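Visitor: The structure that follows is given in the form of structure tokens.
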Amino acid sequence: MPEVIIKNSIKDFNKADWNNCFKQIIEDYDYLLATEKANIKGFNFFYIAVKEQGKIIAATSAFTTHYSLDSTVQGIFKKILLSIKKIFPSFLSFNLACIGSVETEINYLGFYPGISDEDKKNYLKQILFAFEEYAKQKRIRLFGVKDIPKSENFLWQDTMRSLNYKAMNGLPTAINEINFKNINEYLDNLSYNSRKNLRRKLKKNPVTINVIKNLEDLNNIMDFYYETKNRSDLQFGELTEDFFKEVFKNMGKRAMYSIYSAEGKIIGFNLSFLDQNTFIDKFIFSKNNVGRKYNLYFISWIENIKYCIDNNIKIYQTGQGAYKTKLSLGCKLLPNYIYFKHQTPWIYKILQWIRPLLEIKAPSHD
Numbered sequence: 000m001p002e003v004i005i006k007n008s009i010k011d012f013n014k015a016d017w018n019n020c021f022k023q024i025i026e027d028y029d030y031l032l033a034t035e036k037a038n039i040k041g042f043n044f045f046y047i048a049v050k051e052q053g054k055i056i057a058a059t060s061a062f063t064t065h066y067s068l069d070s071t072v073q074g075i076f077k078k079i080l081l082s083i084k085k086i087f088p089s090f091l092s093f094n095l096a097c098i099g100s101v102e103t104e105i106n107y108l109g110f111y112p113g114i115s116d117e118d119k120k121n122y123l124k125q126i127l128f129a130f131e132e133y134a135k136q137k138r139i140r141l142f143g144v145k146d147i148p149k150s151e152n153f154l155w156q157d158t159m160r161s162l163n164y165k166a167m168n169g170l171p172t173a174i175n176e177i178n179f180k181n182i183n184e185y186l187d188n189l190s191y192n193s194r195k196n197l198r199r200k201l202k203k204n205p206v207t208i209n210v211i212k213n214l215e216d217l218n219n220i221m222d223f224y225y226e227t228k229n230r231s232d233l234q235f236g237e238l239t240e241d242f243f244k245e246v247f248k249n250m251g252k253r254a255m256y257s258i259y260s261a262e263g264k265i266i267g268f269n270l271s272f273l274d275q276n277t278f279i280d281k282f283i284f285s286k287n288n289v290g291r292k293y294n295l296y297f298i299s300w301i302e303n304i305k306y307c308i309d310n311n312i313k314i315y316q317t318g319q320g321a322y323k324t325k326l327s328l329g330c331k332l333l334p335n336y337i338y339f340k341h342q343t344p345w346i347y348k349i350l351q352w353i354r355p356l357l358e359i360k361a362p363s364h365d
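Per numbering that gives the first Met the number 0, the sequence shown runs over residues 0 to 365.
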């Protein structure tokens, strides 16, 4: 009989057994451990696994936090929420239990190789039952599942409907498929205006790039991180210096930190994850005026595309947001979905009513 196990540390699971369920996923056990050890304020992590005959056959990460709706919305609705919260500070703030990781953009369920889709759905149900029971024991009434990719939503949708969850569009994942022999071929794939604009930004640019080899070289990263974070409307969790150090120590060659310099000064950092097939452009941090002066975003983008071409990496995946710029640079957007449910009927009705306001609609490639 399958047994569902919940642990508060991923260290309570065997690394090889866990990763066996997440083959070809870069953000695996090592990344989850780095996130767990980073002491991210306001988040408590837990992990759910289904075991059968002593081996893990299905697994996922999860977390609890105090969640305010204004932290993950943009535009006029965010301004309205913030105005209301000046008078009623706890308005639309909830204790949340959520399946997924705080610091990943795609939530893949892990399964032992060879399991049929029908069995996957059954194991998912067991995970959800255990997840909800765990949340209820913590007196949490808002349940969520974040960032389910469209390619895997068929596993979720019927079960979530039967358990009375509602779906909404999450932030899509931007990817470039790298089928180019050289950077000029990539540029030729862009529109005339995008190509002209990009070449202008790259012309005679004095930025130099160095890959970090030593942990001490990360000493200034938090200054750049905070300035970048403060420019963003989306504020879901605050990273720590420990996060970047643990990623450096845990992920080895799969994590690449780059320092950008100009005129003798550091002007930015880029953290990327990579394997033989995928390059995840995870974070780029810069000081606002300096980053714009040197067109750092575009310099970094081109360097990473070059790296993919030179190393025969086929997928270049970038973070969430800045979709218009990414579309102009040849990206396509892959949909992700969010599911939610509240145990209090009248609150659940309010959340369903405002659901369209919570969805961030990514631009289409016209």
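The C-beta atom is built at its ideal place from N, Cα and C for all residues, glycine as well. A quick note: this is a predicted structure, and the numbers were derived from the prediction, not measured.
Applying the 10 Å Cβ sphere with the 16-neighbour rule, what's the burial state of Asn175?
Guide: buried
Visitor: So what does DSSP say about Val246, is it helix, strand or coil?
Guide: helix
Visitor: Alpha helix (DSSP H) containing Glu117: first to last residue?
Guide: 116–136
Visitor: Our contact map puts Asp241 next to Lys40 with C-beta atoms below 8 Å; I'd like the distance itself, whole angstroms only.
Guide: Actually they do not touch by this definition, with Cβ atoms about 11 Å apart.
Visitor: Check the C-beta distance from Phe379 over to Leu201 and give it rounded, since I have them as a contact under 8 Å.
Guide: No answer is possible for residue 379: the residues shown for the chain start at 0 and end at 365.
Visitor: Which residue from Ile208, Ser60, Asp11 puts its Cα closest to that of Asn110?
Guide: Inspection of the sequence shows that residue 110 is occupied by Phe rather than by Asn. Of the listed residues, the one whose Cα sits closest to Phe110 is Ser60.
Visitor: Taking the CB atoms as reference points, tell me whether Leu108 and Thr158 lie closer together than 8 Å.
Guide: no
Visitor: Answer with buried or exposed for Trp352, where buried requires no fewer than 16 other C-beta atoms within 10 angstroms of its C-beta.
Guide: exposed
Visitor: My guess is that Tyr28 and Trp17 are in contact by the Cβ rule of under 8 Å, so how many angstroms apart are they, rounded?
Guide: 5 Å
Visitor: Can you tell me whether Asn19 is buried or exposed? The criterion is at least 16 other CB atoms within 10 Å of its CB, across all chains shown.
Guide: buried
Visitor: Rounded to the nearest angstrom, what separates Lys286 and Lys348 at their Cα positions?
Guide: 42 Å
Visitor: Find the nearest neighbour of Lys149 within the set Tyr336, Leu356, Leu350, Glu358, judged by alpha-carbon distance.
Guide: Tyr336
Visitor: Since Val101 is in the beta strand (DSSP E), which residue starts that stretch and which ends it?
Guide: No beta strand (DSSP E) contains Val101, which DSSP labels as neither H nor E.
Visitor: Quick check: the stretch 155–170 against the stretch 300–310, are at least 3 beta-carbon pairs closer than 8 Å?
Guide: no
Visitor: Use the C-beta contact count for Thr207: other C-beta atoms within 10 angstroms, 16 or more gives buried, fewer gives exposed.
Guide: exposed
Visitor: Does the Cβ of His341 have 16 or more other Cβ atoms within 10 Å, making it buried, or fewer, making it exposed?
Guide: buried
Visitor: Pull up the distance between the alpha-carbon of Ile266 and that of Thr172, whole angstroms please.
Guide: Whole-angstrom Cα-Cα distance: 27 Å.
Visitor: Thinking just about the alpha-carbon of each residue, which of Tyr66, Ala96, Gly99, Val3 is nearest to the one in Ile56?
Guide: Val3
Visitor: Check whether the Cβ atoms of Thr324 and Asp280 sit closer than 8 Å, and answer yes or no.
Guide: no
Visitor: What separation, rounded to the nearest whole angstrom, lies between the Cα atoms of Tyr164 and Asp222?
Guide: 40 Å
Visitor: What is the residue span of the alpha helix (DSSP H) that Ser327 lies within?
Guide: 322–327
Visitor: Taking Cβ to Cβ, would you say Trp92 is nearer than 8 Å to His65?
Guide: Checking the displayed sequence, the identity of residue 92 turns out to be Ser instead of Trp. Yes.
Visitor: Compute the beta-carbon to beta-carbon distance between Ser299 and Tyr256, rounded to the nearest angstrom, for a pair I have assumed lies under 8 Å.
Guide: With a Cβ gap of about 12 Å, Ser299 and Tyr256 do not count as contacting.
Visitor: Indicate the three-state DSSP secondary structure (helix, strand or coil) for Thr158 in the structure shown.
Guide: helix
Visitor: Which one or two residues does DSSP pair with Gly143 in a beta bridge?
Guide: Cys97, Phe339
Visitor: Assuming Val206 is part of the beta strand (DSSP E), what are its boundary residues?
Guide: Run containing Val206: none; DSSP gives neither H nor E here.
Visitor: Hey, out of Gln23, Met0, Asn38, Pro1, whose CA is closest to Ser8's CA?
Guide: When only C-alpha atoms are compared, the closest one is Asn38.
Visitor: What are the boundary residues of the alpha helix (DSSP H) that Asp309 is part of?
Guide: 295–309
Visitor: Please look up how many angstroms separate the CB atoms of Leu189 and Leu328, rounded, as I've assumed it's under 8 Å.
Guide: 7 Å
Visitor: Can you find the residues in the same chain that come closer than 6 Å, C-beta to C-beta, to Leu217, ignoring five residues on each side of it along the sequence?
Guide: Phe243
Visitor: On the premise that Phe130 lies in contact with Ala166, defined as a C-beta separation below 8 Å, what is that separation, rounded to the nearest angstrom?
Guide: Incorrect: roughly 17 Å between the Cβ atoms, too far for contact.
Visitor: Below 6 Å CB to CB, which residues in the same chain sit around Ile346 once its five sequence neighbours on both sides are set aside?
Guide: none
Visitor: Whole angstroms is fine: what's the gap from Lys180's alpha carbon to Ile308's?
Guide: 7 Å
Visitor: Pick out whichever of Leu238, Glu237, Gly169, Leu270 has its Cα sitting closest to the Cα of Arg253.
Guide: Leu270
Visitor: Can you give the Cα-Cα distance for Lys14 and Ile182, rounded to whole angstroms?
Guide: Cα to Cα, Lys14 sits roughly 38 Å from Ile182.
Visitor: Quick check on this structure: which residue in Ile98, Ile114, Thr227 has the alpha carbon closest to the alpha carbon of Asn43?
Guide: Ile98
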